[in-house]
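The next block holds one structure in the form of structure tokens; read it before the comments.
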Amino acid sequence: PVSPQLADSEFSPVFRLLTIFAYGTYADYLAEAANLPPLTEAQKNKLRHLSVVTLAAKIKVVTLFFPEFSFRWGYLMLVTIMFLQCIPYSVLLEQLQLKNVRQLEDLVIEAVYADVLRGSLDQRNQRLEVDYSIGRDIRREELSTITRTLQEWCQGCEVVLSGIEEQVSRANQHKEQQLALKQQIESEVANLKKTIKVTTAAAAAATSQDPEQHLTELREPAPGTNQRQASKKTSKAKGLRGSAKIWSKSN
Numbered sequence: 001p002v003s004p005q006l007a008d009s010e011f012s013p014v015f016r017l018l019t020i021f022a023y024g025t026y027a028d029y030l031a032e033a034a035n036l037p038p039l040t041e042a043q044k045n046k047l048r049h050l051s052v053v054t055l056a057a058k059i060k061v062v063t064l065f066f067p068e069f070s071f072r073w074g075y076l077m078l079v080t081i082m083f084l085q086c087i088p089y090s091v092l093l094e095q096l097q098l099k100n101v102r103q104l105e106d107l108v109i110e111a112v113y114a115d116v117l118r119g120s121l122d123q124r125n126q127r128l129e130v131d132y133s134i135g136r137d138i139r140r141e142e143l144s145t146i147t148r149t150l151q152e153w154c155q156g157c158e159v160v161l162s163g164i165e166e167q168v169s170r171a172n173q174h175k176e177q178q179l180a181l182k183q184q185i186e187s188e189v190a191n192l193k194k195t196i197k198v199t200t201a202a203a204a205a206a207t208s209q210d211p212e213q214h215l216t217e218l219r220e221p222a223p224g225t226n227q228r229q230a231s232k233k234t235s236k237a238k239g240l241r242g243s244a245k246i247w248s249k250s251n
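Per UniProt numbering, residue 1 is the first one in the sequence shown, and the count goes up by one each step.
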């Protein structure tokens, strides 16, 4: 109830200046500076800080979420890709009416230290990258835009949730397949052990031997095998030496 009274009274210039600090920018103040109270240098810088916040709010930040299940590590990963549009120095110099880049960077650094915004100065590409900025007052006509933005955000969340549910379903299917494969391998191993045991028992019964003794005999070489192999190697070596002697005599 106080604001309409100020707007229609002799204090209307003050009310308009207050409105600019609430919603407007430094460019708005310069456009009406002749009808508004003068500002000190500190007040100008404050309005410039708020103008940077307004420019940052107009930047479109697109964030994409890609749910992906890692079969190697066995957990669900949410891959986030962010595309950030930055504010060029040329736009800031024009909107804030600053003479050079040095003044602009000093102003941005002051805003960062005042926790008005967070970001980085890309001097190579001559732009300001904004990661975070404070919120400003909201006009009534902006409520519909905020509502639409929240609806879009909810739709994006539903898409991400649907993707996560799909990845969880795939992960469960992969888990079931691995368990079935494990059970199949264990069953085949058990059957193979039974077959080997039955075969060994049958062979031992045919030779009237104990099954364990029969397996031991199959694993170990028969007595004298190593001696025969050693004698073969010795005779072969003697033969080589004899041939060497004959070769030397003939020469």
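Just so it is clear, CB atoms sit at the ideal spot from N, CA and C, and this is done for glycine as well.
Own chain residues within Cβ distance below 8 Å of residue i, not counting five before or after
{"i": "Asn-35", "result": "Pro-13 and Arg-16"}
{"i": "Ser-90", "result": "Gln-126"}
{"i": "Gln-5", "result": "none"}
{"i": "Arg-118", "result": "Val-112, Val-130, Asp-131, Tyr-132 and Ser-133"}
When the options are compared against residue i, the one with the closest alpha-carbon
{"i": "Val-101", "options": "Gln-183, Arg-118, Leu-128 and Leu-30", "result": "Leu-128"}
{"i": "Asp-115", "options": "Asp-131, Leu-93 and Glu-32", "result": "Asp-131"}
{"i": "Ala-57", "options": "Gln-173, Gln-123 and Gly-24", "result": "Gly-24"}
{"i": "Thr-19", "options": "Leu-107, Gln-173, Ile-138 and Gln-167", "result": "Ile-138"}
{"i": "Ala-22", "options": "Glu-166, Gln-183, Ala-171 and Arg-140", "result": "Arg-140"}
{"i": "Val-52", "options": "Val-168, Glu-176, Gln-177 and Leu-93", "result": "Leu-93"}
{"i": "Ala-42", "options": "Lys-182, Ala-33 and Glu-110", "result": "Glu-110"}
{"i": "Leu-50", "options": "Ala-33, Ser-133, Val-189 and Pro-37", "result": "Ser-133"}
{"i": "Ser-120", "options": "Ala-203, Cys-86, Thr-199 and Ala-202", "result": "Cys-86"}
Exposed unless 16 or more other CB atoms sit within 10 angstroms - verdict on residue i
{"i": "Arg-48", "result": "buried"}
{"i": "Glu-10", "result": "exposed"}
{"i": "Ser-70", "result": "With a pLDDT of only 47 at Ser-70, under the threshold of 50, the placement of this residue in the model should not be trusted; the figure read from the coordinates follows. Burial call: exposed."}
{"i": "Tyr-113", "result": "exposed"}
{"i": "Gly-156", "result": "exposed"}
{"i": "Leu-64", "result": "Bear in mind that the predicted position of Leu-64 carries a pLDDT of just 49, short of 50, making it too unreliable to give a figure here."}
{"i": "Ile-81", "result": "Low confidence applies here, because Ile-81 scores a pLDDT of 47, under 50, leaving its location unreliable and the question unanswered by this model."}
{"i": "Leu-150", "result": "exposed"}
{"i": "Leu-143", "result": "exposed"}
{"i": "Val-62", "result": "Interpretation of Val-62 is limited by its pLDDT of 49, a score under 50 that renders its predicted location unreliable; no figure is taken from the coordinates."}
Contact check, residue i vs residue j, beta carbons under 8 Å
{"i": "Gln-95", "j": "Ala-27", "result": "yes"}
{"i": "Gln-126", "j": "Pro-88", "result": "yes"}
{"i": "Thr-54", "j": "Arg-148", "result": "no"}
{"i": "Leu-107", "j": "Asn-45", "result": "yes"}
Spatial neighbours of residue i in its chain, beta-carbon cut-off 6 Å, leaving aside the 5 residues before and after
{"i": "Leu-98", "result": "Leu-104"}
{"i": "Leu-181", "result": "none"}
{"i": "Lys-175", "result": "none"}
7 Å Cβ shell around residue i - same chain, five flanking residues per side excluded
{"i": "Pro-37", "result": "Pro-13, Val-14 and Leu-17"}
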